[in-house]
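Report on the following structure.
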Amino acid sequence: MSEILFDEVPSLDLADFTSGDAERRTLFVKQLGDAYQNIGFIALRNHGLSDELTDRLYAATKEFFALPDEVKQKYENPELAGQRGYVGKGKEKAKGFNTGDLKEFYHVGQDLGDIPDSDPIKAEYPANIWPKEVPQFEEVTLEAYRKLEAAGKQVLKAIAIHLGLDENYFDEKVKYGNSILRPIHYFPIENPDSVPANAVRAAEHGDINLITLLMGASADGLQVLRRDGQWIPITALPEQVVVNVGDMLARLTNNKLKSTIHRVVNPPRELMHTSRYSIPFFMHPRSEMDLTCLESCIDEHNPKAYPDATAGEYLNERLVELGLKKA
1 MSEILFDEVP
11 SLDLADFTSG
21 DAERRTLFVK
31 QLGDAYQNIG
41 FIALRNHGLS
51 DELTDRLYAA
61 TKEFFALPDE
71 VKQKYENPEL
81 AGQRGYVGKG
91 KEKAKGFNTG
101 DLKEFYHVGQ
111 DLGDIPDSDP
121 IKAEYPANIW
131 PKEVPQFEEV
141 TLEAYRKLEA
151 AGKQVLKAIA
161 IHLGLDENYF
171 DEKVKYGNSI
181 LRPIHYFPIE
191 NPDSVPANAV
201 RAAEHGDINL
211 ITLLMGASAD
221 GLQVLRRDGQ
231 WIPITALPEQ
241 VVVNVGDMLA
251 RLTNNKLKST
261 IHRVVNPPRE
271 LMHTSRYSIP
281 FFMHPRSEMD
291 LTCLESCIDE
301 HNPKAYPDAT
311 AGEYLNERLV
321 ELGLKKA
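When we follow full-length UniProt numbering, the leftmost residue of the sequence shown carries the number 1, and every step to the right adds one.
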């Protein structure tokens with residue numbers, strides 16, 4: 001396949017894949033494959049999130065982050081390595097960076113009530129932490145979690161077909177997977193001179209997981225690094241979510257699918273006092289998933305690039321690099 005230098009993130013319609021129309025489905029898989037082999041990002045509509053749910057989710061998110069820092073910190077548990085509840089301002093830093101990002105966020109994982117007691121994965125996950133000051137936060141985040149997880153499973157089916165695998169290849173691997181919904185607040189900076197010169201909202205990074213589904217991607221600042229070294233802005237219509245390849249999928253496919261570096265740059269100095277919100281859903285598999293490079297993605301021109309590892313082992317390694325967990 002020839003290399004494609006996209007000037008913008010390709011726009012796809014998930015209804016083409018789920019319609020039952022073989023021609024539309026085949027075209028979706030081809031367009032998805034072209035995008036993920038080149039830029040690693042798409043903008044996706046008909047993902048299952050209603051405007052009403054999105055509005056409720058953002059309202060609850062803004063209400064929580066408007067609370068005083070000392071109230072928010074009640075919901076931070078360092079022993080969980082940031083995997084549930086609140087993570088404070090500047091706590092996370094990108095791999096290779098010593099300065100923390102200018103953001104705070106909240107992590108929601110699988111609802112333990114959804115997982116049967118017979119599934120051993122239930123014992124691996126901590127319970128979610130819910131802020132009592134925002135009673136609607138629990139219901140709305142779990143509803144969005146389930147909608148985005150369902151959309152992600154469809155995208156993974158299309159990826160499997162593109163890779164020549166059975167379309168159900170990922171189904172059991174992501175069943176009650178270690179996925180995370182992360183409402184993020186890029187907090188206002190009243191005095192730009194008070195932060196380190198190299199501090200940004202989110203330093204350049206790749207995501208850890210299989211795929212990420214991102215709400216709120218159209219706010220200024222999100223950029224992706226194209227393979228020719230040019231940063232291009234990511235824009236999506238309000239009814240779209242941006243879906244990108246994570247490092248776990250890049251490892252599994254021996255870099256056939258691209259986990260592309262991206263960042264959130266600071267706004268102009270005169271707008272540093274404003275807030276920015278976004279809500280990514282990081283779709284993770286179960287910890288036991290084998291990320292060993294697929295044999296079909298290895299050849300003499302593309303030798304095996306990664307050591308064998310499970311998803312759990314790789315996640316642990318990355319949490320240490322991000323500063324959320326001690327080695």
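Glycine included, each C-beta is placed from N, C-alpha and C at the ideal position.
For the pair G88 and A199, the CB atoms are not nearer than the 9 angstroms cut-off. Distance from the CA atom of L67 to the CA atom of Q83, rounded to whole angstroms, is 21 angstroms. For P131, the CB contacts under 7 angstroms within the same chain, skipping 5 residues up- and downstream, are F64, Y75 and F137 in chain order. The beta carbons of M289 and T274 sit about 40 angstroms from each other, so the pair does not count as a contact at 8 angstroms. The beta carbons of P285 and K173 sit about 4 angstroms from each other, so the pair counts as a contact at 8 angstroms. Boundaries of the beta strand (DSSP E) harbouring V264: H262 to V264, taken from the DSSP string. According to DSSP, residue pairing for D290 in a beta bridge involves T310. DSSP places R24 inside the alpha helix (DSSP H), whose first and last residues are A22 to N38. Within the stretch 132-188, the complete beta strand (DSSP E) runs of at least 3 residues fall at 184-186.
Distance from the CA of K256 to the CA of N191, rounded to the nearest whole angstrom, comes to 44 angstroms. Contact annotation: the stretch 102-109 touches the stretch 170-185, with at least three C-beta pairs closer than 8 angstroms. Looking only at I208, P188, W231 and E167, the smallest Cα-Cα distance to N316 is reached by I208. DSSP, read as helix, strand or coil, puts S194 in helix. Shown here for A60: same chain residues with a beta carbon closer than 6 angstroms to its own, the five before and five after excluded, namely V134, Q136, F137 and V140 in chain order.
Among the bridge pairs identified by DSSP, D13 is matched with R45. Residue range R276 to M283 is occupied by the beta strand (DSSP E) that includes R276. Here V9 is near I234, since their CB atoms are less than 9 angstroms apart. One thing to note: G312 has its Cβ no nearer than 9 angstroms to the Cβ of A250.
Looking at R25, Q240, V195 and L57, the one whose alpha-carbon comes closest to that of A144 is L57.
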